[in-house]
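For reference, the structure is listed below as structure tokens.
In the working numbering, the protein residues as written are 29 to 95.
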């Protein structure tokens, strides 16, 4: 299995309650239904108070490399 890990930092002024983030999360939720090659899919916000940590992350699993 190929696993992709993607980490995001929100732009300054964009909080966890920002509607743009809510729209992005909704889009992420829909991807496994739209992309049949996805075998594993997890995503969510960072839950630590560390200011240096990434704000959001996702992990995607695929059977093999995608050309």
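We treat Cβ as the ideally placed atom computed from N, Cα and C, and that holds for glycine.
Just so you know, these numbers come straight off a predicted model, no measurement behind them.
Here residue 77 is exposed. Its C-beta has fewer than 16 other C-beta atoms within 10 Å. Per DSSP, the beta bridge partners of residue 69 are 88. Measuring C-alpha to C-alpha distances from residue 44 to each of 87, 82, 70 and 88 identifies 82 as the nearest.
CA-CA distance, residue 49 to residue 42, rounds to 8 Å. In the DSSP assignment, residue 49 falls outside any beta strand (DSSP E) and within the unbroken alpha helix (DSSP H) covering 47 to 62. Contact annotation: residue 91 and residue 67 have beta-carbon atoms nearer than 8 Å. About 7 Å separates the CB atoms of residue 70 and residue 86; that is less than 8 Å, so the two are in contact.
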